[in-house]
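S.K.: Chains as they are written, first to last, in my numbering: chain X, 42 to 322; chain E, 42 to 322; chain D, 42 to 322; chain V, 42 to 322.
Number of protein chains: 4
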Amino acid sequence: MAARLTANRYGKSAVRLVAVERDGERHGLRDLTVEIRLSGDFEAAYRDGDNRRVYPTDSMKNSVYALARRDGVGALEAFARRLAEHFLSRSSAPSAAEVAVSERPWSRVEVSGRPHPHAFVGGSEERRTARVELSEAGARGESGIVDLVVLKTTDSGFADFARDELTTLRSTDDRILATAVEARWSYGGSAVDFDAAWREVRRHLVEAFAGHRSRSVQHTLHAMGERVLAEVAAVEEIQLRMPNLHHLLVDLSPFGMDNPNQVFVATAEPFGVIEGTLRRG
Amino acid sequence: MAARLTANRYGKSAVRLVAVERDGERHGLRDLTVEIRLSGDFEAAYRDGDNRRVYPTDSMKNSVYALARRDGVGALEAFARRLAEHFLSRSSAPSAAEVAVSERPWSRVEVSGRPHPHAFVGGSEERRTARVELSEAGARGESGIVDLVVLKTTDSGFADFARDELTTLRSTDDRILATAVEARWSYGGSAVDFDAAWREVRRHLVEAFAGHRSRSVQHTLHAMGERVLAEVAAVEEIQLRMPNLHHLLVDLSPFGMDNPNQVFVATAEPFGVIEGTLRRG
Amino acid sequence: MAARLTANRYGKSAVRLVAVERDGERHGLRDLTVEIRLSGDFEAAYRDGDNRRVYPTDSMKNSVYALARRDGVGALEAFARRLAEHFLSRSSAPSAAEVAVSERPWSRVEVSGRPHPHAFVGGSEERRTARVELSEAGARGESGIVDLVVLKTTDSGFADFARDELTTLRSTDDRILATAVEARWSYGGSAVDFDAAWREVRRHLVEAFAGHRSRSVQHTLHAMGERVLAEVAAVEEIQLRMPNLHHLLVDLSPFGMDNPNQVFVATAEPFGVIEGTLRRG
Amino acid sequence: MAARLTANRYGKSAVRLVAVERDGERHGLRDLTVEIRLSGDFEAAYRDGDNRRVYPTDSMKNSVYALARRDGVGALEAFARRLAEHFLSRSSAPSAAEVAVSERPWSRVEVSGRPHPHAFVGGSEERRTARVELSEAGARGESGIVDLVVLKTTDSGFADFARDELTTLRSTDDRILATAVEARWSYGGSAVDFDAAWREVRRHLVEAFAGHRSRSVQHTLHAMGERVLAEVAAVEEIQLRMPNLHHLLVDLSPFGMDNPNQVFVATAEPFGVIEGTLRRG
Numbered sequence: 042m043a044a045r046l047t048a049n050r051y052g053k054s055a056v057r058l059v060a061v062e063r064d065g066e067r068h069g070l071r072d073l074t075v076e077i078r079l080s081g082d083f084e085a086a087y088r089d090g091d092n093r094r095v096y097p098t099d100s101m102k103n104s105v106y107a108l109a110r111r112d113g114v115g116a117l118e119a120f121a122r123r124l125a126e127h128f129l130s131r132s133s134a135p136s137a138a139e140v141a142v143s144e145r146p147w148s149r150v151e152v153s154g155r156p157h158p159h160a161f162v163g164g165s166e167e168r169r170t171a172r173v174e175l176s177e178a179g180a181r182g183e184s185g186i187v188d189l190v191v192l193k194t195t196d197s198g199f200a201d202f203a204r205d206e207l208t209t210l211r212s213t214d215d216r217i218l219a220t221a222v223e224a225r226w227s228y229g230g231s232a233v234d235f236d237a238a239w240r241e242v243r244r245h246l247v248e249a250f251a252g253h254r255s256r257s258v259q260h261t262l263h264a265m266g267e268r269v270l271a272e273v274a275a276v277e278e279i280q281l282r283m284p285n286l287h288h289l290l291v292d293l294s295p296f297g298m299d300n301p302n303q304v305f306v307a308t309a310e311p312f313g314v315i316e317g318t319l320r321r322g
Numbered sequence: 042m043a044a045r046l047t048a049n050r051y052g053k054s055a056v057r058l059v060a061v062e063r064d065g066e067r068h069g070l071r072d073l074t075v076e077i078r079l080s081g082d083f084e085a086a087y088r089d090g091d092n093r094r095v096y097p098t099d100s101m102k103n104s105v106y107a108l109a110r111r112d113g114v115g116a117l118e119a120f121a122r123r124l125a126e127h128f129l130s131r132s133s134a135p136s137a138a139e140v141a142v143s144e145r146p147w148s149r150v151e152v153s154g155r156p157h158p159h160a161f162v163g164g165s166e167e168r169r170t171a172r173v174e175l176s177e178a179g180a181r182g183e184s185g186i187v188d189l190v191v192l193k194t195t196d197s198g199f200a201d202f203a204r205d206e207l208t209t210l211r212s213t214d215d216r217i218l219a220t221a222v223e224a225r226w227s228y229g230g231s232a233v234d235f236d237a238a239w240r241e242v243r244r245h246l247v248e249a250f251a252g253h254r255s256r257s258v259q260h261t262l263h264a265m266g267e268r269v270l271a272e273v274a275a276v277e278e279i280q281l282r283m284p285n286l287h288h289l290l291v292d293l294s295p296f297g298m299d300n301p302n303q304v305f306v307a308t309a310e311p312f313g314v315i316e317g318t319l320r321r322g
Numbered sequence: 042m043a044a045r046l047t048a049n050r051y052g053k054s055a056v057r058l059v060a061v062e063r064d065g066e067r068h069g070l071r072d073l074t075v076e077i078r079l080s081g082d083f084e085a086a087y088r089d090g091d092n093r094r095v096y097p098t099d100s101m102k103n104s105v106y107a108l109a110r111r112d113g114v115g116a117l118e119a120f121a122r123r124l125a126e127h128f129l130s131r132s133s134a135p136s137a138a139e140v141a142v143s144e145r146p147w148s149r150v151e152v153s154g155r156p157h158p159h160a161f162v163g164g165s166e167e168r169r170t171a172r173v174e175l176s177e178a179g180a181r182g183e184s185g186i187v188d189l190v191v192l193k194t195t196d197s198g199f200a201d202f203a204r205d206e207l208t209t210l211r212s213t214d215d216r217i218l219a220t221a222v223e224a225r226w227s228y229g230g231s232a233v234d235f236d237a238a239w240r241e242v243r244r245h246l247v248e249a250f251a252g253h254r255s256r257s258v259q260h261t262l263h264a265m266g267e268r269v270l271a272e273v274a275a276v277e278e279i280q281l282r283m284p285n286l287h288h289l290l291v292d293l294s295p296f297g298m299d300n301p302n303q304v305f306v307a308t309a310e311p312f313g314v315i316e317g318t319l320r321r322g
Numbered sequence: 042m043a044a045r046l047t048a049n050r051y052g053k054s055a056v057r058l059v060a061v062e063r064d065g066e067r068h069g070l071r072d073l074t075v076e077i078r079l080s081g082d083f084e085a086a087y088r089d090g091d092n093r094r095v096y097p098t099d100s101m102k103n104s105v106y107a108l109a110r111r112d113g114v115g116a117l118e119a120f121a122r123r124l125a126e127h128f129l130s131r132s133s134a135p136s137a138a139e140v141a142v143s144e145r146p147w148s149r150v151e152v153s154g155r156p157h158p159h160a161f162v163g164g165s166e167e168r169r170t171a172r173v174e175l176s177e178a179g180a181r182g183e184s185g186i187v188d189l190v191v192l193k194t195t196d197s198g199f200a201d202f203a204r205d206e207l208t209t210l211r212s213t214d215d216r217i218l219a220t221a222v223e224a225r226w227s228y229g230g231s232a233v234d235f236d237a238a239w240r241e242v243r244r245h246l247v248e249a250f251a252g253h254r255s256r257s258v259q260h261t262l263h264a265m266g267e268r269v270l271a272e273v274a275a276v277e278e279i280q281l282r283m284p285n286l287h288h289l290l291v292d293l294s295p296f297g298m299d300n301p302n303q304v305f306v307a308t309a310e311p312f313g314v315i316e317g318t319l320r321r322g
């Protein structure tokens with residue numbers, strides 16, 4: 042009997058970085074959480090406790106702050122890329138580096154209709170994300186959004202589905218449709234304006250959700266992905282994951298009341314999950 | 042030895058209600074979580090298991106949906122009041138009813154700059170709250186807001202504080218100040234426009250936070266409460282609770298770098314908490 | 042118009058302390074979370090930003106570690122008391138100090154049936170708690186337990202309750218009863234063995250829950266409190282809060298199956314909450 | 042421009058099942074959370090909203106309850122397998138089914154040293170898991186454990202690691218090592234006693250962690266995996282993921298105190314993560 046280490050990976054999670062971008066009196070605010078993973082020639086560390094090639098995860102954390110100070114943050118995708126390159130340049134031990142960054146949105150406070158120079162109010166749970174994997178095989182990057190929570194009160198149904206003896210769900214042609222979109226997409230070209238493209242993708246996801254006559258979450262997911270590919274030329278592929286945040290019509294008939302799609306109970310468990318990947322071409 | 046029941050209270054928590062308010066094609070959306078507590082003459086239930094006076098918490102839940110259907114939701118404070126009155130009117134057993142309601146904000150989707158009739162995007166973690174306690178002694182109500190997250194990148198210091206041999210904190214005249222405001226206030230008069238007053242209180246909390254030259258969280262908390270009492274005549278008293286969401290300046294000197302208030306680490310634990318109540322007069 | 046500060050309180054939350062108690066080769070492990078609040082003559086700080094009497098919450102945190110090192114932790118109640126005394130002795134500004142401590146349980150690892158000297162495995166979500174309030178009016182202390190999760194699969198019913206037209210719940214004489222007990226109690230005398238008494242209270246809470254023929258959560262709560270007062274002489278008063286962690290019998294009749302209390306769905310929302318305080322005498 | 046659906050998957054998450062296993066007076070308790078995913082020939086549903094082949098996620102939920110009633114739960118791995126087979130047998134649309142099950146542990150209450158027939162106390166955060174993927178390509182199963190929290194107060198160091206100008210971490214030959222083990226393993230043969238094997242794997246993970254002289258988390262992870270492969274013949278491969286739950290020695294020197302590994306602060310963010318896969322042979 043012998044045991045072989047067939048895969049390894051290590052790094053730092055939940056590195057919290059808040060950067061203030063000063064432009065005279067006017068301050069910008071970036072609120073990021075960074076995750077780093079290295080893999081490669083680390084067998085001696087795992088097997089023998091030989092740490093000579095192990096770059097400490099504490100130094101990974103330091104690197105995030107030092108690079109943010111030296112070069113600023115800029116587009117999330119570019120920051121993730123610079124970090125990944127930095128870690129591979131440190132040593133020959135890692136053969137691959139993966140960096141994932143998530144950004145929390147803040148809104149500038151308005152006072153008497155004018156933007157305040159340095160005060161911000163916390164935004165939604167929504168996060169912008171970016172991920173870069175760098176190895177000898179090249180670079181793979183993706184942009185994304187998580188917890189983009191959207192809801193429509195009509196133009197959504199679910200009917201004519203497969204039934205068997207374990208089916209009790211009724212068909213409906215009018216229900217609430219709600220989800221927390223998780224989207225990850227990759228770009229085809231190299232000269233992408235990441236910030237502008239991200240805003241376009243987000244806008245089209247929301248508008249496609251709002252305008253679609255939905256026959257199912259699957260149906261709406263496809264329409265959203267199709268719209269992004271149609272409208273944002275730089276996007277090559279998009280993965281979507283959409284939990285069904287069920288809103289059940291409350292049966293008020295025991296109380297002698299009707300309920301024409303007015304009173305719902307939002308439920309957290311169990312929940313459906315729909316996933317799909319769409320590709321250009 | 043005998044044991045006496047000296048206090049009792051029971052009810053339902055986490056009743057989730059989503060109400061669609063239909064005005065022709067245009068739909069409104071209300072997303073509420075309701076909590077109910079009754080107390081009173083329930084000793085036989087606790088002591089002997091005699092349930093004859095126990096109104097089931099399941100019926101409390103049903104009541105929330107039935108009343109929402111019958112009368113609509115309207116202002117949060119009014120909905121809490123109607124529910125409390127409803128529960129006390131059901132039976133003579135409870136001598137007091139407490140109803141707390143929390144509302145999640147949703148924003149209407151815009152498509153090409155125009156508001157969509159029935160699609161919404163999830164708002165921030167911020168919640169509007171209302172609470173009513175009703176008993177023979179009368180009614181007590183309060184309005185509130187929780188998780189109003191605000192941050193300013195300057196105009197905040199903390200210096201000249203008390204020191205002893207266990208003090209290692211350095212004075213600073215420029216730091217990030219961030220908090221998640223929890224505010225609860227009561228109105229003096231009876232004819233209050235709850236929705237308009239709530240918006241005004243929120244606006245003044247945010248503007249006072251933004252504009253204040255802060256010497257401490259205590260100092261800013263007081264300025265915020267003072268501003269609300271000065272600007273919103275209907276408010277009689279306001280309680281504020283403001284955790285200090287610490288953002289620590291990263292020491293980059295080991296790497297030969299300065300850090301002129303640009304790169305911070307946001308920390309979750311431990312955290313300071315500052316509370317204060319201000320009253321008119 | 043003038044605003045008066047009518048209440049104030051500030052302090053530190055989530056101070057995490059892990060203490061290793063070394064007894065030769067054998068190590069003990071204490072895992073505590075501490076919360077501190079001071080109130081008193083702090084008006085100048087709130088109103089004017091005069092920090093001269095403000096003891097920093099950072100120094101409160103330091104104090105927790107320094108006192109743990111100097112005197113050890115010992116019984117949770119005694120540690121909370123020493124901390125409260127320490128904070129009041131620092132300065133005349135605070136007139137009251139409140140310290141709450143929560144302890145996470147760890148179990149010693151066994152290897153081949155023998156206790157390991159320094160390895161531990163994480164225990165349940167249950168926490169032992171203690172709280173001390175110290176002021177000129179004297180000291181008030183309480184001991185407690187939170188998230189003591191218990192469940193019984195029978196010997197529990199809920200029937201013959203109050204009904205009205207909004208009641209749809211059916212009576213049952215056999216259901217699952219599950220709760221996460223939160224108990225807080227105070228001792229009458231002064232020479233209490235806190236650790237021994239705590240273990241006794243916990244044991245009687247669990248045994249009373251297990252052995253009771255429950256007609257309702259209220260009924261079981263009362264039996265649990267009564268048992269503690271009967272069996273643990275030092276306890277003067279006990280407050281209990283017991284959420285009803287509903288387990289609903291699944292209706293399998295649409296599939297031609299019966300369900301004699303075998304298959305349940307555990308639900309998280311909404312949930313009932315039952316509270317009661319019992320006092321000796 | 043055309044968009045192709047290149048991957049699809051849908052199902053139900055967070056299906057909560059509590060099953061009472063009755064053996065006369067003595068009851069057993071199983072507390073499971075089930076997750077189901079189907080993928081296959083669903084393009085018409087996504088693209089056109091044609092639901093005729095879409096088996097509702099609500100029926101998936103019903104199936105969990107009906108199968109638990111009909112056949113009982115038994116070993117977690119076998120239950121997951123039966124569910125996966127059930128879903129593939131329903132229709133030709135899905136070409137693959139994935140079922141993941143997680144079990145929460147409960148401990149039987151003891152009264153006066155004797156096991157109670159039907160009362161239970163909630164166990165730790167630890168969960169036993171099983172996952173089965175079934176497709177034309179065959180079946181792949183894995184067993185696992187998540188949130189197995191372990192800590193040792195000594196016999197752990199981290200020294201002689203790679204350094205550069207961004208490294209500030211100091212070497213240590215004595216620190217607290219704590220982690221929440223996530224392990225997933227597969228069996229080589231077919232006639233495995235899943236319950237017995239799971240207990241053996243868990244025991245060896247804990248004992249190897251306790252007994253190892255750790256030079257790093259990587260080193261301990263490898264020792265744990267190696268031990269499992271050495272001691273549990275049925276295991277073919279094991280994946281381990283071990284976050285480093287950092288416990289930092291508090292610097293008490295500003296207060297004139299030493300701290301010989303006695304007082305630590307447990308930190309939640311940031312945290313290291315170490316992963317590795319070991320295979321027999």
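Note that CB positions come from ideal geometry on N, CA and C, so glycine has one too.
1. For residue 79/D and residue 72/X, what's the separation of their Cα atoms in angstroms?
2. Restricting to Cα atoms, I'd like to know which of 150/V, 169/V, 171/V and 221/V is closest to residue 161/V.
3. Kindly indicate which three-state DSSP category residue 126/E falls into: helix, strand or coil?
4. Since residue 82/E and residue 130/E are thought to touch, with beta carbons under 8 Å apart, how far apart are those beta carbons, to the nearest angstrom?
5. If we define contact as Cβ-Cβ less than 8 Å, is residue 57/D a contact residue for chain V?
6. Could you tell me how far apart the beta carbons of residue 249/E and residue 268/E are, in whole angstroms, since I believe they sit closer than 8 Å?
7. Start and end of the alpha helix (DSSP H) containing residue 249/D?
8. Against chain D, which members of the segment 283-312 of chain X pass a CB distance test of less than 7 Å?
9. Express the C-alpha separation of residue 242/X and residue 182/X in angstroms, rounding to a whole number.
10. Since residue 192/V meets chain E, which of its residues come closer than 7 Å, beta carbon to beta carbon?
11. Quick one: give me the first and last residue of the beta strand (DSSP E) that residue 150/D is part of.
12. Between the segment 230-241 of chain D and the segment 112-130 of chain E, do three or more beta carbon pairs fall short of 8 Å?
13. How many angstroms separate the CA atom of residue 321/X from the CA atom of residue 230/X?
14. If contacts are defined as beta-carbon pairs under 8 Å, then residue 288/D and residue 59/V qualify, I think. What distance do you get, rounded to the angstrom?
15. Starting from residue 261/E, trace the alpha helix (DSSP H) in both directions and tell me its first and last residue.
16. So, with DSSP's three-state summary, where would you put residue 144/D?
17. Which of the three DSSP states, helix, strand or coil, is assigned to residue 49/V?
18. Among 44/E, 234/E, 96/E and 306/E, which one has its Cα closest to the Cα of residue 52/E?
19. Would you mind sorting residue 163/X into buried or exposed? The rule is 16 or more other CB atoms within 10 Å of its CB.
20. Using a Cβ-Cβ distance under 8 Å, would residue 76/X count as near chain E?
M.R.: Looking at the coordinates:
1. Separation of residue 79/D and residue 72/X (C-alpha to C-alpha, rounded to the nearest whole angstrom) is 32 Å.
2. For residue 161/V, the nearest C-alpha among the options comes from 150/V.
3. Three-state result, residue 126/E: helix.
4. Residue 82/E to residue 130/E, Cβ: 16 Å. No contact.
5. Taking 8 Å as the CB threshold, residue 57/D lines the interface with chain V.
6. Contact between residue 249/E and residue 268/E holds: CB atoms are separated by about 4 Å, below the 8 Å threshold.
7. 235-252 is the span of the alpha helix (DSSP H), which, as asked, contains residue 249/D.
8. Within the segment 283-312 of chain X, the qualifying residues are 295, 296, 309 and 310.
9. One Cα belongs to residue 182/X, the other to residue 242/X, and the distance between them is close to 16 Å.
10. Per Cβ cutoff of 7 Å: no residues; residue 192/V is ~18 Å from chain E at best.
11. 147-152 is the extent of the beta strand (DSSP E) around residue 150/D.
12. Flag = no, the segment 230-241 of chain D and the segment 112-130 of chain E do not touch.
13. Straight-line Cα distance between these residues: approximately 13 Å.
14. About 6 Å separates the two Cβ atoms, so the contact holds.
15. Residue 261/E -> alpha helix (DSSP H) spans 258-272.
16. Strand at residue 144/D.
17. Residue 49/V: strand per DSSP, three-state reduction.
18. Relative to residue 52/E, the option among 44/E, 234/E, 96/E and 306/E whose CA is nearest is 96/E.
19. Per the 10 Å Cβ criterion, buried.
20. It does not: the Cβ of residue 76/X has no partner Cβ on chain E nearer than 8 Å.
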